[in-house]
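Step one of this worksheet: look at the structure below.
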Amino acid sequence: MKKVAVIGSGSWGVALSIHLAKMGNKIKLWSFDENEASLINQEKKCKFLPEVELPENIQCYTNFEDVLKDTDIILHVTPSKFVRSTIKQYKNLVENQPVIMCAKGFEKETLYTLDEIIKEELPGKLYGVLSGPSHAEEVSRGIPTAMVVASNSNDVNETIQNLFMNEKMRIYTSNDIKGVELGGALKNIIAFCAGIAAQLELGDNTFAALITRGLTEISRLGIKLGASKDTFYGLTGLGDLIVTCLSEHSRNRKAGKLIGAGKSIEETRKEVGMTIESIDNIEVAYELAKINDVEMPIVEAVYDVLYNNLKPDEAVKILMTREKKCE
Numbered sequence: 049m050k051k052v053a054v055i056g057s058g059s060w061g062v063a064l065s066i067h068l069a070k071m072g073n074k075i076k077l078w079s080f081d082e083n084e085a086s087l088i089n090q091e092k093k094c095k096f097l098p099e100v101e102l103p104e105n106i107q108c109y110t111n112f113e114d115v116l117k118d119t120d121i122i123l124h125v126t127p128s129k130f131v132r133s134t135i136k137q138y139k140n141l142v143e144n145q146p147v148i149m150c151a152k153g154f155e156k157e158t159l160y161t162l163d164e165i166i167k168e169e170l171p172g173k174l175y176g177v178l179s180g181p182s183h184a185e186e187v188s189r190g191i192p193t194a195m196v197v198a199s200n201s202n203d204v205n206e207t208i209q210n211l212f213m214n215e216k217m218r219i220y221t222s223n224d225i226k227g228v229e230l231g232g233a234l235k236n237i238i239a240f241c242a243g244i245a246a247q248l249e250l251g252d253n254t255f256a257a258l259i260t261r262g263l264t265e266i267s268r269l270g271i272k273l274g275a276s277k278d279t280f281y282g283l284t285g286l287g288d289l290i291v292t293c294l295s296e297h298s299r300n301r302k303a304g305k306l307i308g309a310g311k312s313i314e315e316t317r318k319e320v321g322m323t324i325e326s327i328d329n330i331e332v333a334y335e336l337a338k339i340n341d342v343e344m345p346i347v348e349a350v351y352d353v354l355y356n357n358l359k360p361d362e363a364v365k366i367l368m369t370r371e372k373k374c375e
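In my numbering, the protein residues as written are 49 to 375.
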């Protein structure tokens, strides 16, 4: 039995907490919202996962000291845009626990992947990232899921693998932190495009082309940034891309459908009601492609849809009529 601190009480933080609690671990969950903490503690409910009852061995707090005290492992599960500001609030309370980044995305201001924020804010501390094709709705219900933990420390990899693995969840290990991070962050953008394609009522042929060429763009940028090509053809690349592009659980796909229907970014955020990492990260991917001289036509097209008033159907036409190429 481990004592695990989970920083973030959204759907993914709660889903991971449920899985670990059912395995007999003691979970201390942090929320910034007193009402949310009260709902979790008193009614054993999460507003983002209304059909699931939380185990008794999950307790929620709004104080970092209460959450981190006497814990063995820290899982960080806030939206990417709040990662640095949240770490700053608890960094002085971290002792020997490894910090595992479970969010997916970038820091817009620095173009950093989230592991780079950990390295900067928690120098010398053990850390890793956990990613893969995993909807919170399904993990919370015990649907079989496979993910990857990536760390420079084999001890951290083994610890997290042992912590999570049972008949409901399989964990693989990797040392390619950069590849695992980039696969998780960039697939959200392609899933957003999949939502636009769905709204335009395009067909299976289109989705196959989008996923395949989207993966090419993701791996092209990832390799330029130091990741291993093989990582993008595993669970945290292709696997996560498939589940996020094709599932109705995906908030990024839903956001794309709303934009495809003519909604504004503000209207889309309001209707989805949760963080939309794709919208937050499209600007970052666009900038990284430009800085690193990497060709990413899908990313460029969706950037123009969001920020340069390009019509979604025109974006499809532009992509389909690009200059002739070999695959």
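Just so you know, even glycine gets a beta-carbon here, dropped at the ideal spot from N, CA and C. Everything numeric in this text was worked out from a predicted model, so none of it was measured.
Legend entry - Distance, residue 87 Cα to residue 220 Cα: By 1-based counting over the sequence shown, the position of residue 220 is 172. By 1-based counting over the sequence shown, the position of residue 87 is 39. Each residue's Cα considered, the two are about 34 Å apart.
What are the uninterrupted segments assigned as beta strand (DSSP E) that are 3 or more residues long and contained completely in the region 188-213, given in chain order?
193-198
Check: Nearest to residue 62 by alpha carbon, out of 102, 50, 240, 91?
Finding: Numbered from 1 along the sequence shown, position 14 holds the residue referred to as residue 62. With distances taken between Cα atoms, residue 62 lies closest to 102.
For residue 104 and residue 211, the rounded distance between their alpha carbons
In the sequence shown, the residue the question calls residue 211 occupies position 163. In the sequence shown, the residue the question calls residue 104 occupies position 56. Looking at the two C-alpha atoms, the distance is approximately 19 Å.
- Do residue 207 and residue 330 come within 9 Å of each other at the CB atom, strictly closer than that value? Counting from one through the sequence shown, the residue named residue 330 turns up at place 282. Counting from one through the sequence shown, the residue named residue 207 turns up at place 159. Contact: no.
**Asked** When the distance is taken between beta carbons, is residue 60 closer than 9 Å to residue 150?
**Response** Here residue 150 corresponds to residue number 102 of the sequence shown, with the count starting at 1. Here residue 60 corresponds to residue number 12 of the sequence shown, with the count starting at 1. Against a cut-off of 9 Å, the Cβ pair of residue 60 and residue 150 comes out as a contact.
Can you give me the C-alpha to C-alpha distance between residue 215 and residue 284, rounded to a whole angstrom? Locating residue 215 in the sequence shown gives position 167, where the first residue counts as 1. Locating residue 284 in the sequence shown gives position 236, where the first residue counts as 1. If I take the Cα positions, the gap works out to 20 Å.
With residue 222 as the anchor, note down where its beta strand (DSSP E) starts and where it stops. Residue 222 sits at position 174 when you count from the first residue of the sequence shown. Note, residue 222: beta strand (DSSP E), 217-222.
Beta strand (DSSP E) segments (min. 3 residues) lying fully within the region 231-301
none
Exercise for review: Examine the Cβ distances between the region 227-236 and the region 274-283 and report whether three or more of them are shorter than 8 Å.
Suggested key: yes
Whole-number beta carbon distance between residue 288 and residue 179, since they are thought to touch under 8 Å: The residue labelled residue 179 in the question sits at position 131 within the sequence shown. The residue labelled residue 288 in the question sits at position 240 within the sequence shown. Right, their Cβ atoms sit about 7 Å apart.
Look up residue 90 in the DSSP assignment and say whether it is helix, strand or coil.
The residue you call residue 90 lines up with position 42 of the sequence shown. Here residue 90 sits in helix by DSSP.
Inset, instruction - Could you name the residues that DSSP lists as bridge partners for residue 124? - result: In the sequence shown, counting from the first residue as 1, residue 124 sits at position 76. Paired residue(s): 55, 149.
Looking at the secondary structure, which residues open and close the beta strand (DSSP E) in which residue 170 lies?
Mapped onto the sequence shown, residue 170 falls at position 122. No beta strand (DSSP E) contains residue 170, which DSSP labels as neither H nor E.
Residues that residue 160 bridges to, as DSSP identifies them
Start at 1 with the first residue of the sequence shown, and residue 160 comes out as number 112. Paired residues: 155.
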